[in-house]
Amino acid sequence: MTVATNPVHSSSAGRRPVSWGTPLTYALALAVAAVSIAPILYVIVGGFRTTPQIVADPGGLPDPWVFDNYTRVLTQSKFWQQAFNSGVIALGTTLGVVVLGMAAAFVLARYTFRGREGLYTFFTLGLLFPAGAAILPLYLMLRDLGLVNSYYAVILPQVAFQLPLTIVILRPFLSAIPRELEDAAAIDGAGRLGFLWRIALPLSRPAIVTVGVLAFVASWNAFLLPLLVLGDVSLHTLPLGVQNFSSQFSTDTAGVLAFTSLAMLPALFFFTLAEKQIVGGLQGAVKG
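Its first residue numbered 12, the sequence shown is counted upward by one per residue in the numbering used here.
1. Can Leu192 and Ile210 be called in contact, C-beta distance under 7 Å?
2. Going straight from the alpha carbon of Phe117 to that of Gly157, what length do you get?
3. Is the Cβ-Cβ distance between Pro175 and Phe134 less than 7 Å?
4. Residues in the same chain with beta-carbon distance under 8 Å from Val179, minus the five sequence neighbours each way, listed in chain order, please.
5. Helix, strand or coil: which one does DSSP assign to Leu284?
6. In whole angstroms, what separates the C-alpha of Leu125 from that of Ser215?
7. Which residues in the same chain have their Cβ closer than 6 Å to the Cβ of Ala250, if we skip the five residues on either side of it in sequence?
8. Identify whether Arg154 lies in helix, strand or coil by the three-state DSSP scheme.
9. Taking only the alpha-carbon atoms, compute the straight-line gap between Asn255 and Ser97 and give it to the nearest angstrom.
10. The alpha helix (DSSP H) that contains Leu85, what's its start and end?
11. Where does Val244 land, buried or exposed, given buried means 16+ other C-beta within 10 angstroms?
12. Write down the C-beta distance between Ser261 and Val54 rounded to the nearest angstrom, noting that I regard them as a contact closer than 8 Å.
13. For Leu149, count neighbouring Cβ atoms within 10 angstroms of its own Cβ and tell me buried if that reaches 16, exposed if not.
14. Rounding to the nearest angstrom, what Cα-Cα distance links Val56 and Val84 in this structure?
15. Since Val170 and Gly107 are thought to touch, with beta carbons under 8 Å apart, how far apart are those beta carbons, to the nearest angstrom?
16. Beta-carbon within less than 8 Å of Val253's beta-carbon, same chain only, minus the 5 sequence neighbours each way: which residues are those?
17. Going straight from the alpha carbon of Thr105 to that of Gln87, what length do you get?
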């Protein structure tokens, strides 16, 4: 005896359920993106206007487009000196964070010793420590060490403050590498450092790029620490240059917007290029 199947039931069973949460999710994502991007676009576009245009119509578009503001900023030697200072400090911070963070995370992930989890907890507690609370004692310590008015006065503290997040992101990647790979590398004659260099580093590339970009952007945008320890104007970074330019040309709103947009574009461009790597690195850290 053959039992006839219900075509209506079979067709409905094959359908995918409609997710009403998806449109809402996209709407919220677009709203967050608009709130985040709108100020950046306003600053960049505002640099192509004149101050009278901004005063007359703050939310309008350039009419006509003015390039003199950006040209005036780019032809200033101070701007390029500040950009050089920001680049040296950001690259130095990024290198220190990646090297020291990778070394510490590798030991905490691949070595077994007494107090390992306690040490890792100590590092994670650094995420809860506000950097602003340590500014005054940090300045006094740097002054006693003779590091004030030098690149090291900014690079070393920034490396220290970035290490907790770096270790939290890198450790899950290194812990997820199978022990079989390490045993195979040992059979081939590779020691701990050989395994780190040949296997662990390539496999942890998304996490390394993530911590590197986060350290670079945070260093490039740092303001309070350079303000306190870099009294020499020739060592000022771009965030300090924005403040100096705003104070000197307080009535030139369009020029200030042009200087601000040029100061933030390198970090924004760098972050955009590594966006996919950052997402992959953060996902791997959460899964770990």
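Even glycine gets a Cβ: it sits at the ideal position worked out from N, Cα and C.
According to the structure shown:
1. yes
2. 33 Å
3. yes
4. Phe134, Thr135, Leu138 and Ala296
5. helix
6. Correcting the residue identity first, residue 125 is Arg in this sequence and not Leu. The straight-line gap from Cα to Cα measures roughly 25 Å.
7. Note that residue 250 corresponds to Pro in the displayed sequence, not to Ala. Closer than 6 Å at Cβ, skipping near neighbours: Phe234.
8. helix
9. 15 Å
10. In the DSSP assignment, Leu85 falls within the alpha helix (DSSP H) that extends over Asp79 to Leu85.
11. exposed
12. With a Cβ gap of about 17 Å, Ser261 and Val54 do not count as contacting.
13. buried
14. Spanning the two alpha carbons is a distance of roughly 15 Å.
15. 4 Å
16. Val267, Phe270, Thr271 and Ala274
17. Looking at the two C-alpha atoms, the distance is approximately 27 Å.
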